[in-house]
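Undergrad: Protein chains in written order, with the working numbering: chain A, 1 to 540; chain B, 1 to 284.
#1: Of all Cβ atoms in chain A, is any one closer than 8 Å to the Cβ of residue 279 (chain B)?
#2: Give me the residue from A:464, A:490, A:482, A:481 with the minimum Cα distance to residue 472 (chain A).
#3: What is the rounded straight-line gap between the Cα of residue 17 (chain A) and the Cα of residue 442 (chain A)?
#4: Cα separation between residue 435 (chain A) and residue 45 (chain A)?
#5: Since residue 13 (chain B) meets chain A, which of its residues come closer than 9 Å, beta carbon to beta carbon?
#6: Go to residue 168 (chain B), then tell me how far its alpha helix (DSSP H) extends in each direction, as first and last residue.
#7: Measure the beta-carbon distance from residue 267 (chain B) to residue 45 (chain B) and round it to whole angstroms, keeping in mind my assumption that it falls under 8 Å.
#8: Can you find at least 3 beta carbon pairs, one from the stretch 22-39 of chain A and one from the stretch 342-353 of chain A, that sit closer than 8 Å?
#9: Closest to residue 49 (chain B) by CA distance: which of B:261, B:28, B:124, B:83 is it?
#10: Closest to residue 65 (chain B) by C-alpha separation, out of B:135, B:218, B:51, would be which residue?
#11: Are the CB atoms of residue 41 (chain B) and residue 235 (chain B) nearer to each other than 8 Å?
#12: Mind checking whether residue 502 (chain A) and residue 407 (chain A) have CB atoms under 8 Å apart?
#13: Rounded to whole angstroms, what is the Cα-Cα separation between residue 113 (chain B) and residue 306 (chain A)?
#14: State the Cα-Cα distance for the pair residue 179 (chain A) and residue 92 (chain A), rounded to the nearest angstrom.
#15: Could you tell me the alpha carbon to alpha carbon distance between residue 5 (chain B) and residue 107 (chain B), rounded to whole angstroms?
#16: My understanding is that residue 241 (chain B) touches residue 254 (chain B), with C-beta atoms under 8 Å, so please give their C-beta distance in whole angstroms.
#17: Should the stretch 83-93 of chain B be regarded as contacting the stretch 178-196 of chain B, the criterion being three or more beta carbon pairs within less than 8 Å?
#18: Please list the partners that residue 196 (chain B) has in chain A, where partner means a Cβ-to-Cβ separation under 8 Å.
#19: On the DSSP bridge list, what partners appear for residue 163 (chain A)?
#20: Closer than 8 Å by beta-carbon distance: list the chain B residues that pair up with residue 404 (chain A), in chain order.
#21: Taking all protein chains shown into account, decide if residue 157 (chain B) is buried (16 or more other Cβ within 10 angstroms of its Cβ) or exposed.
#22: Look up residue 185 (chain B) in the DSSP assignment and give the residues it is bridged to.
#23: Between residue 283 (chain B) and residue 90 (chain A), what straight-line distance do the alpha-carbon atoms span, to the nearest angstrom?
#24: On the premise that residue 218 (chain A) lies in contact with residue 124 (chain A), defined as a C-beta separation below 8 Å, what is that separation, rounded to the nearest angstrom?
#25: Would you tell me roughly how many angstroms separate the C-alpha atoms of residue 274 (chain B) and residue 243 (chain A), rounded to the nearest one?
#26: State buried or exposed for residue 38 (chain B), treating a residue as buried only when at least 16 other CB atoms are found within 10 Å of its CB.
#27: Quick one: grab the DSSP three-state call for residue 30 (chain B).
#28: Can you grab the Cα-Cα spacing for the pair residue 368 (chain A) / residue 59 (chain A), in whole Å?
#29: Residues of chain A with CB under 7 Å from residue 148 (chain B), in chain order?
#30: Are the stretch 475-485 of chain A and the stretch 285-298 of chain A touching, with three or more C-beta to C-beta distances below 8 Å?
#31: Let me confirm a value: residue 162 (chain A) is counted as buried when at least 16 other C-beta atoms fall within 10 Å, else exposed. Which label applies?
#32: What's the gap between the Cα of residue 21 (chain A) and the Cα of residue 43 (chain A)?
#33: Just how far apart, CA to CA, sit residue 32 (chain A) and residue 427 (chain A)?
#34: Check for me: the alpha helix (DSSP H) holding residue 143 (chain B) runs from which residue to which?
#35: In three-state terms, what does DSSP make of residue 74 (chain B)?
#36: Consider the Cβ of residue 7 (chain B): report whether some Cβ of chain A lies at a distance smaller than 8 Å.
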């Protein structure tokens, strides 16, 4: 009979493991959608009470259309140039020894954690000096905005391009090198194979550039994100700002969904340090010139930022003083980062299983995971506050947890994607064997599952910590009374023009990010040392 | 304990947070460096009336008629001028000087007039001059390609670095540069006979309705509004324009400063229309 058979199937499918996994996945997806739910309630309230003009944002005037097109153009130009420079620089990196390569990549990752506004201020100083030497050099406008935004996002672009290069099968490259020149291999094998992942790199950089107005506004270029903030400021209505943000949200969402195949390609990356040729490649002179130019640009960016900050700090005493004055914020930032890691990892691990699912179910999971990446940070904060203050939820409003929760919403999707990638390298037979032969669930979890997932968990933890340390836009809105993060202090100092303190704290954030990256690297090495099991002991 | 507002989202983020938390307030007191967002909170029923005994000697123009907020010493809108690039005879004296062709537009700076105190100043001009004249003023400013930057502190930095000859900013920003020995000076605009004066923006403090700690909040407000506290804040550089008879800031001589003859409520009423108009004008 159909009905009992259905229930029987349902009952057998509901093991404690699947229940926990389903619960965790559901909680994760709910958490990611919380800001949008909050904003929707605000929208509904505004509609019911007529407290905000909700019709105006839905009409895309010529002015707003122009801004949207300009923003997309700037973001596409920055992302495109970032990926091109990334390809040139990474194609030069593949000849380097492993340790040096790791050093450069982690330095770039550490610099990627510095807020774009800091890059803008440093480059503004450079432009001032350069402007004195070259009077015709533009100091405002789209060109300089493009350059500074590119410089701010270059470390991330190069890092993502490296991952894209590492996603290709090096054996195909080696086979091709037997019969064709290295430049031909790059054009006909490496770039086509890396194209989907390069597309994902383009998408991430495009997304960040599209939602940032701090750099363009500093150099007098108006973008759509600034208009959203202006509307928010004028109306004091999160609902209205949300409606204004919709066109940009739609564009970024489309780009992120288009990048989904690229992210899936990254899942085939066997080893992120594998993109090294056995023998150094030989490229023609014109290409070496381009590679050198790209390397100089990356070098200049690192030099300008690092030495600009060090010069602005002035002396070790200033550096120590600025750290001492910010020790409460430092402790709070570190505690928040630890909390974000502990909340995100189990939920992201459960969600990664869902991303693996085929068809509409997997596609829906991907959209839910990608949505928070496209929502401007202040709207995430306002959405969470609105939701948390609904009558049914206000009694359990977790004030102290809120900074951690907004970072979970913003950054746990990265953890889910990384764990999804990690999952592709785990032999499912090992998990099946653990399920059948393990002495207990705890044993299977601690001795099989966690060791297998460890590399992905460590990388996710490192990235979550680095991103949480640099977060500002959403944390600022939800920070509980009496608590502030290190980035909040940086922006406070920026307001009062205390450049040596700002530089000192930025230098500290850079060093902290480097420590996090180095810690991640050491942990990965420790995990991959692959010790032999003790004699006579079986894991099952 | 305070939740600090920062440059990145200005007061808007904090005010929206307080509105969103109205049903279950987390804060006890709202202390702002300006007044318009405090009036927003009053209109959104986020504030509760409280008339502090410490504020009895504060002039009525700085206090809400219904007792929802009280103003005290603050800052003024001024020009910061680079003294390496301009001689005293070349200093600007009126906001209308920004429209004169003496200096290229790109050597003069203002912050985006849709945000922060520049928005409040713009609203005051809309209220005093009327929409048409104010719109014409900002249109001319925009057509001159005056450098419009992210905040008043950026105006200060660009003038102090010599990238701009002068700019419109707040006394608190400018005094920082003056006191750190940069080659800049402060000019209070429109102080001459028949000129409109400048905008003085007081600090405002208000009690949150349903505050978790109302008794402590009142004690804090009484302390903050005390004349001695205002003196301390002037001495520390937090405020430059006291509202009571106390020694003024060393950075700027504010004695007898002429202010735009409008009320704070007038400025507030003009704020949103001005912001909408200026957004259309400046973000394109």
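For each residue, glycine too, the CB sits at the ideal point set by N, CA and C.
TA: Let me lay it out:
#1: Within the second chain, residue 279 (chain B) is the residue found at index 279, counting from 1. Interface residue, yes.
#2: Mapped onto the first chain, residue 472 (chain A) falls at position 472. Out of A:464, A:490, A:482, A:481, A:490 has the C-alpha closest to the C-alpha of residue 472 (chain A).
#3: What you label residue 17 (chain A) is simply residue 17 of the first chain in a count that begins at 1. What you label residue 442 (chain A) is simply residue 442 of the first chain in a count that begins at 1. Whole-angstrom Cα-Cα distance: 12 Å.
#4: In the first chain, the residue the question calls residue 435 (chain A) occupies position 435. In the first chain, the residue the question calls residue 45 (chain A) occupies position 45. Roughly 49 Å between the two C-alpha positions.
#5: Position 13 of the second chain holds residue 13 (chain B). Simply 232, 378, 381, 382, 473, 476, 477.
#6: As a first step, residue 168 (chain B) is located in the second chain; it is residue number 168 there, counting from the start. Careful: residue 168 (chain B) lies outside any alpha helix (DSSP H), inside the beta strand (DSSP E) at 166-170.
#7: Walking along the second chain from the start, residue 267 (chain B) turns up at place 267. Walking along the second chain from the start, residue 45 (chain B) turns up at place 45. In fact, because the Cβ distance is near 21 Å, the residues do not count as touching under 8 Å.
#8: Taking a cut-off of 8 Å on C-beta distances, the stretch 22-39 of chain A touches the stretch 342-353 of chain A, as three or more cross pairs fall below it.
#9: Sequence index remark: in the second chain, residue 49 (chain B) carries index 49 (1-based). Nearest of B:261, B:28, B:124, B:83 to residue 49 (chain B), Cα basis: B:28.
#10: The residue you call residue 65 (chain B) lines up with position 65 of the second chain. That would be B:51, whose Cα lies nearest to the Cα of residue 65 (chain B).
#11: Numbered from 1 along the second chain, position 41 holds the residue referred to as residue 41 (chain B). Numbered from 1 along the second chain, position 235 holds the residue referred to as residue 235 (chain B). In this structure, residue 235 (chain B) does not lie closer than 8 Å to residue 41 (chain B) by Cβ.
#12: Here residue 502 (chain A) is taken as the residue at index 502 of the first chain, counted from 1. Here residue 407 (chain A) is taken as the residue at index 407 of the first chain, counted from 1. No, they are not a contact pair.
#13: Looking up residue 113 (chain B) in the second chain gives position 113. Looking up residue 306 (chain A) in the first chain gives position 306. Rounded to the nearest angstrom, the two C-alpha atoms are 34 Å apart.
#14: Here the question's residue 179 (chain A) lines up with position 179 in the first chain. Here the question's residue 92 (chain A) lines up with position 92 in the first chain. Rounded to whole angstroms, residue 179 (chain A) to residue 92 (chain A) spans 21 Å at the Cα level.
#15: Within the second chain, residue 5 (chain B) is the residue found at index 5, counting from 1. Within the second chain, residue 107 (chain B) is the residue found at index 107, counting from 1. Unreliable positioning characterises residue 5 (chain B) in this predicted model, as indicated by a pLDDT of 42, which lies under 50. A coordinate reading is not provided.
#16: Translated into positions along the second chain, residue 241 (chain B) becomes position 241. Translated into positions along the second chain, residue 254 (chain B) becomes position 254. Right, their Cβ atoms sit about 5 Å apart.
#17: yes
#18: The residue labelled residue 196 (chain B) in the question sits at position 196 within the second chain. Going along chain A, no residue has its Cβ under 8 Å from residue 196 (chain B), so there is no contact; the nearest lies around 24 Å.
#19: The residue you call residue 163 (chain A) lines up with position 163 of the first chain. Note: residue 163 (chain A) sits in no beta bridge, so no partner.
#20: Here residue 404 (chain A) refers to the residue found at position 404 when the first chain is read from its first residue. When 8 Å is used as the limit between beta carbons, residue 404 (chain A) is near no residue of chain B, the shortest such separation being about 16 Å.
#21: Your numbering for residue 157 (chain B) matches position 157 in the second chain. Result: buried.
#22: Translated into positions along the second chain, residue 185 (chain B) becomes position 185. B:81, per the DSSP bridge assignment.
#23: Residue mapping note: residue 283 (chain B) aligns to position 283 of the second chain, counting from 1. Residue mapping note: residue 90 (chain A) aligns to position 90 of the first chain, counting from 1. Taking the straight line from one Cα to the other gives about 38 Å.
#24: One-based indexing of the first chain puts residue 124 (chain A) at position 124. One-based indexing of the first chain puts residue 218 (chain A) at position 218. So it is a contact: roughly 7 Å between Cβ atoms.
#25: Position 274 of the second chain, counting from 1, holds the residue named residue 274 (chain B). Position 243 of the first chain, counting from 1, holds the residue named residue 243 (chain A). Distance between the alpha carbons of residue 274 (chain B) and residue 243 (chain A) is about 21 Å.
#26: For the purposes of this step, residue 38 (chain B) is taken as the residue at position 38 of the second chain. Burial call: buried.
#27: In the second chain, residue 30 (chain B) corresponds to position 30, counting from 1. Reduced to three states, the DSSP call for residue 30 (chain B) is strand.
#28: In the first chain, residue 368 (chain A) corresponds to position 368, counting from 1. In the first chain, residue 59 (chain A) corresponds to position 59, counting from 1. Rounded to the nearest angstrom, the two C-alpha atoms are 27 Å apart.
#29: Position 148 of the second chain holds residue 148 (chain B). The contacting residues are 220.
#30: no
#31: Within the first chain, residue 162 (chain A) is the residue found at index 162, counting from 1. With 16 or more other Cβ atoms within 10 Å, it is buried.
#32: For this step, residue 21 (chain A) is matched to residue 21 along the first chain. For this step, residue 43 (chain A) is matched to residue 43 along the first chain. Their Cα atoms are separated by approximately 33 Å.
#33: Locating residue 32 (chain A) in the first chain gives position 32, where the first residue counts as 1. Locating residue 427 (chain A) in the first chain gives position 427, where the first residue counts as 1. Spanning the two alpha carbons is a distance of roughly 29 Å.
#34: Position 143 of the second chain, counted from the first residue, corresponds to residue 143 (chain B). First-last of the alpha helix (DSSP H) with residue 143 (chain B): 131-143.
#35: On the second chain, position 74 is the one that residue 74 (chain B) refers to. Note: residue 74 (chain B) maps to strand in three-state DSSP.
#36: To locate residue 7 (chain B), count along the second chain from 1; it is residue 7. Residue placement at residue 7 (chain B) is flagged as unreliable, the pLDDT there being 42, under the threshold of 50; the coordinate-derived value follows with that caveat. Chain A contact via Cβ: present.
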